[in-house]
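Keeping their order, the protein sequence lines are chains A and B. Numbers given in the working numbering equal positions in the first sequence, counted from 1, plus 496. Numbers given in the working numbering equal positions in the second sequence, counted from 1, plus 43. Note that beta-carbon positions come from the ideal geometry of N, C-alpha and C, so glycine has one too. Note that the coordinates shown come from a computational prediction; the quantities given were computed from them, not determined experimentally.
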Amino acid sequence: MAGDEFDVAVVGGGLVGVATAWGLAREGCKVVVLDEGDRAVRASRGNFALVWVQSKGLGLAPYAGWTIRSSNAWRGFSDLLKQETGLDVSFQRPGGFHLCLSEKELETRANNLRRLHNQPGIVDYKTEILDHDQVRKMLPDIGPEGVGGSFCPLDGHVNSLRLFRTLHAALNERGVTYLPSHRVETITREAGEFRLATPHGEIRASKVALAAGNANMRLAPMVGLEAPMKPERGQIVVTERLRPFLNHPVVTLRQTDEGTVMIGDSKEESIDPSGLTIGVSATEAERAVRQFPLLANVNVVRTWSAIRVMTQDGFPIYDESQTHPGAFTVCCHSGVTLAANHALTIAPMIARGALDASLVAPFSARRFHVQEAG
Amino acid sequence: MFKRLADSGPAIAITVDGKKVTARAGDTVAAALLAAGIDHCRTTPVTGAPRAPYCLMGVCFDCLVTVDGVGSRQGCLIPVHDGMKVETQLGRREAGR
């Protein structure tokens, strides 16, 4: 591909990268996506696929508003993708639950929500605490140990592997150049353009969007930015396909459009994606059965571990470089939930060449340096 | 399609979807279904396509049936017993059974 020049090089072919790249292509940019090979840590293939609002924003109130913006844009986003590709990513927003298995858990949950909602500038997203009987009206199969939980009407879920495939199909439709096995080794800026060195030659582009997940930590300093990351491992248990019984996703458990039940939400410090801690899967499964006893003799067909993309404080990072104009970071944990924002809000900003501070200033990595923030 | 060997064991009475079927001692559920000429034991969860026992050694999962009220059992790994109730499984399994 040497010799080709692009308007924007998106570094990273995961969900954040392809959503951003598609948004850029919609703005008329000539885009290249530089991805690693199949040996890369593939966070976008292992996620839990929630489009989730409740709990987001404790510690950084604008994150709640940013998440709600994406949740509200998601229906239109999935409709646009369907128009372009004919593929349905099965987005549903029936409202979701965080279930508690003891009075103490429920009290902690209620306190956390109170703290979240008491923050100045928070957008109220109508999360309610419900007792067992109220939950049972919406989740008839909840077990007696499910003492209650919180419900947020904005929560939803999607088929995230199909979303990933759909975005790649949409990129193809729009003539975006996708280059796998193009791990970016170095980025330099010469004569007003970026030069990205890969094992298969140099790629040149006027702008660079870093959407490489945890690898942004390595790449961002090359263009005068920073992305402090703290990856962690999560594990997921998947059951055989079952007839629909769960009409609402739960933060730890959801029934997919195809019938399987995904059970997850563990957190481990290990960043080895090839290992699996059996005890963690067992605990996830045990809690799932206490929540929904009818799962007790259902067959498990898969388990996996995957590495979460996680910034050091858990909130997104969107930045533009002062020293290397035209370089941006698009970095966050919630690549599914925020996909609509990345495609429809962040990408147009990058196409214009400047982030809109009124929307994304709180998410600058400058927050990691108290003295310089402001 | 299938013929029994001459030295098949003594008769075992089971039901398949409520109908009486005579199996033989030592049969697996899958073998009993095939010997009775039942041409499929389930339909797939996604397209509803019919499936019959295939590998007969626990690998392919195409012989899934409901046995004595428990869904998604591998018919090729379960020996028949007198009075066993076998049901063909249509599409996705129902959680809780």
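Under 8 Å between C-beta atoms of residue i and residue j
i	j	result
A:N780	A:V733	Strictly speaking, residue 780 of chain A in this sequence is Glu, with Asn absent from that position. A contact, by the Cβ cut-off of 8 Å.
A:D809	A:N655	no
A:D651	A:P745	yes
A:T825	A:Y814	yes
A:T807	A:S567	no
B:A75	B:C106	no
A:G803	A:P844	According to the sequence shown, residue 803 of chain A is Ile rather than Gly. Contact: no.
A:Q550	A:H594	yes
A:G642	A:Q787	yes
A:A521	A:L742	no
A:T662	A:T581	yes
A:V527	A:V506	yes
A:F587	A:W570	yes
A:T623	A:S646	yes
B:M127	B:G80	no
A:R714	A:T694	no
A:R658	A:L583	yes
A:N795	B:S51	no
A:G513	A:A707	yes
A:A515	A:A835	yes
A:N607	A:L554	no
B:T86	B:G134	yes
A:V785	A:L791	yes
A:S801	A:Q751	no
Counted within 10 angstroms of its Cβ, other Cβ atoms place residue i as buried (16 or more) or exposed
i	result
A:E765	exposed
A:E816	buried
A:R729	buried
A:T614	As written in the sequence, residue 614 of chain A is Asn, which differs from the Thr given in the question. Per the 10 Å Cβ criterion, exposed.
B:C84	buried
A:S830	buried
A:P636	exposed
A:N710	buried
B:M120	Residue identity differs from the one stated: residue 120 of chain B is Leu in this sequence, not Met. The residue in question, B:L120, is exposed, as its Cβ has fewer than 16 Cβ neighbours within 10 Å.
A:H838	buried
B:C98	exposed
A:A498	Confidence in A:A498 is poor, its pLDDT being 46 and thus under 50, which makes the residue's placement too unreliable to answer from.
A:K699	Checking the sequence, you will find Ile at residue 699 of chain A rather than Lys. So A:I699 counts as buried.
A:K703	buried
A:N543	buried
A:H865	exposed
B:Q132	buried
A:I774	exposed
A:K552	buried
A:R605	buried
A:G697	exposed
Residues bridged to residue i (per DSSP)
i	result
A:H594	A:S646
A:F502	A:A701
B:K128	B:T58
B:T65	B:A56
A:D878	With chain A running from 497 to 870 in the structure shown, residue 878 of chain A is simply not present.
A:I874	Nothing about residue 874 of chain A can be reported from this structure: the residues present for chain A run from 497 to 870 only.
A:E603	In DSSP, A:E603 forms no bridge with anything.
A:V529	A:V506, A:Y674
A:M713	The partner list for A:M713 (beta bridge, DSSP) is empty, contrary to what the question assumes.
B:R136	A:L738
A:Q588	A:H653
A:M725	A:T807
A:L706	A:V507, A:T825
A:E764	A:R729
Residues that residue i contacts on chain D, provided the C-beta gap is smaller than 8 Å
i	result
A:E754	Protein chains in the displayed structure are A and B, and chain D is not among them.
Runs of 3 residues minimum, wholly inside the stretch 72-125 of chain B: which ones carry the beta strand (DSSP E) assignment? 107-110, 113-117
Looking at chain B, which residues of the stretch 710-738 of chain A have a Cβ within less than 7 Å of any of its Cβ atoms? E736, R737, L738
Using Cβ-Cβ distances below 7 Å, what residues of the stretch 107-132 of chain B are close to chain A? V113, S115
If contact means a Cβ-Cβ distance below 7 Å, which residues of the stretch 570-599 of chain A contact chain B? none
Beta carbons nearer than 8 Å to chain A: which residues of the stretch 65-98 of chain B have them? P88, V89
Cβ-based contacts, 7 Å cut-off: residues of the stretch 788-799 of chain A near chain B: L790, L791, N793, V794, N795
Any chance you could list the beta strand (DSSP E) runs of at least 3 consecutive residues sitting entirely within the stretch 641-695 of chain A, in chain order? Listed in chain order, the complete beta strand (DSSP E) runs (minimum 3 residues) inside the stretch 641-695 of chain A are 644-648, 673-675, 682-686, 689-694.
At which residue ranges does the stretch 795-852 of chain A contain complete alpha helix (DSSP H) runs of 4 or more residues, listed in the order of the chain? 843-848
Run through the stretch 526-576 of chain A for me and flag every whole beta strand (DSSP E) of 3 or more residues, listed as ranges in chain order. 527-530
Give the residues from the stretch 805-818 of chain A that approach chain B closer than 7 Å (Cβ to any Cβ), ordered along the chain. none
Interfacial residues, the stretch 821-839 of chain A to chain B, with Cβ spacing under 9 Å: Residues of the stretch 821-839 of chain A with a C-beta less than 9 Å from any C-beta of chain B: none at all.
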